[in-house]
Amino acid sequence: MAADKKEKREKKERVSKTTSKKKAAAEAAAAAANAGSTVEEVPIPEHIDIYLLNQEFPPTEMTALEAVIEYAEKEIKNLEARMEEILSEDPESPLLEDIYERIDSLDAATFEVRAASILHGLGFSAARMKFKTKDLSGGWRMRVALARALFVKPTLLLLDQPTNHLDLGACLAYYGGNYDTYVKTKQELEVNQMKAYEKQQAEIKDIKQFIASCGTYANLVRQAKSRQKILDKMIEAGLIEKVVKDTNFKFFFNCAGKLPPPVLSFTEVDFSYSGNMNENPIYKKLNFSVDTDSRIALLG
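The sequence shown begins at 1 in full-length UniProt numbering and counts up by one.
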């Protein structure tokens, strides 16, 4: 019984995603048609996996943690099914290597730890992770849906209204003191960041050179795999970004000159919310003009 419900939910989820994609494509086509332009389909390579996040996770008996893990398990099953399909058609297909890498990167042995880490990053406490999704608000269920997407690391993640998903606090840097202190502190941080970036890049270069030099020597293969794991962990944890200097822009606006009065003129203006001036008119026969130097206060 539980298996049937789960299968129905997965089917509904797939149909919902397909419908959302078709709806998004139709809306884009309509918008382009209204603008007098043409719509061209962008070819997407087979090895590119896409995740569309456009709605919160539905209320179910699963906990937030179980919901994330469940999708990861389903993703692995889909990849394995795809792999078997390709093997039966073309055992030498280059797509197989991409699928092997995807399965290895998901690493089923670490599902629970990584799922908890992602949920924690999205604001879930250890206790809230154990809440059933039916007991979570729409906002928290949207975070569960986002956690599912982040867990499987799709090549292309599409967010509907992305500002609803982003944590502004995680994007902002706060500086104490006045503006001069801010400029000085920022410069010091950028210098330190560039040093750390260059050090990390040099380390990555050394690791890659070592792996490339190992070749197929049996006694070095194990060391190469160990170095590769170190490199993978560095990438997964997030590499230090290179400092990008802000681009300075200068704008010049020609003076348009003073507009001749009146800029705005009202003559014999009547207004009523109902449209019937016999029923509670707001004003009747209003006459006045507005110039560039007028000072006007609106009350009500």
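Yeah, the Cβ is synthetic: ideal placement off N, Cα and C, and Gly gets one too.
Given the structure is predicted, the values throughout are model-derived calculations rather than measurements.
Who are the Cβ neighbours of residue i in its own chain at under 7 Å, not counting the five residues just before and after it?
i    : result
T185 : Y175
E75  : L106, V152
I296 : V290
Hey, could you find the ends of the alpha helix (DSSP H) residue i is sitting in?
i    : result
T185 : 179 to 214
L220 : 218 to 237
What residue does the beta strand (DSSP E) around residue i start on, and which one ends it?
i           : result
S137        : Unbroken run through S137: none, as it is neither H nor E.
K284        : 283 to 290
Y51         : 50 to 53
V68         : No beta strand (DSSP E) holds V68; the alpha helix (DSSP H) holding it covers 64 to 89.
L264        : 264 to 271
L259        : No beta strand (DSSP E) contains L259, which DSSP labels as neither H nor E.
L299        : Here L299 belongs to no beta strand (DSSP E), and DSSP marks it neither H nor E.
residue 365 : With the chain represented from 1 up to 300, any question about residue 365 goes unanswered, as that position is not in the structure.
If contacts are defined as beta-carbon pairs under 8 Å, then residue i and residue j qualify, I think. What distance do you get, rounded to the angstrom?
i    : j    : result
S272 : P262 : Actually they do not touch by this definition, with Cβ atoms about 25 Å apart.
I50  : F111 : With 8 Å as the limit, I50 and F111 do not qualify as a contact, their Cβ atoms being about 22 Å apart.
L65  : A127 : In fact, because the Cβ distance is near 11 Å, the residues do not count as touching under 8 Å.
Please work out which residues of its chain come closer than 8 Å, Cβ to Cβ, to residue i, disregarding the five sequence neighbours upstream and downstream, and give them in chain order.
i    : result
E241 : Q193, Y197
L96  : M83, I86, L87
C214 : L220, V221, Q223, A224
N287 : F266, T267, E268, V269
P45  : none
CB-CB under 6 Å to residue i, same chain, minus the five flanking residues each way: which ones, in chain order?
i    : result
L150 : I118
P91  : none
Y283 : F271
Y71  : R148
Using a Cβ-Cβ cut-off of 8 Å, state whether residue i counts as contacting chain D.
i    : result
K184 : Absent from the structure is chain D; it holds one protein chain and no more.
With a floor of 4 residues, list each alpha helix (DSSP H) that falls wholly inside the stretch 107 to 149, ordered by position along the chain.
For the stretch 107 to 149, whole alpha helix (DSSP H) runs of length 4 or above, ordered along the chain, are 111 to 121.
I want to know whether the stretch 53 to 63 touches the stretch 106 to 116 - three or more CB-CB distances under 8 Å.
No, because fewer than three Cβ pairs between the stretch 53 to 63 and the stretch 106 to 116 fall closer than 8 Å, the two stretches do not touch.
Could you say if the stretch 141 to 148 and the stretch 114 to 128 meet the contact criterion of at least three C-beta pairs nearer than 8 Å?
The answer is yes - the stretch 114 to 128 touches the stretch 141 to 148, with three or more Cβ pairs under 8 Å.
Answer yes if the stretch 226 to 235 comes into contact with the stretch 197 to 213, meaning at least three C-beta pairs across the two stretches below 8 Å, and no otherwise.
Enough Cβ pairs lie closer than 8 Å, so yes.
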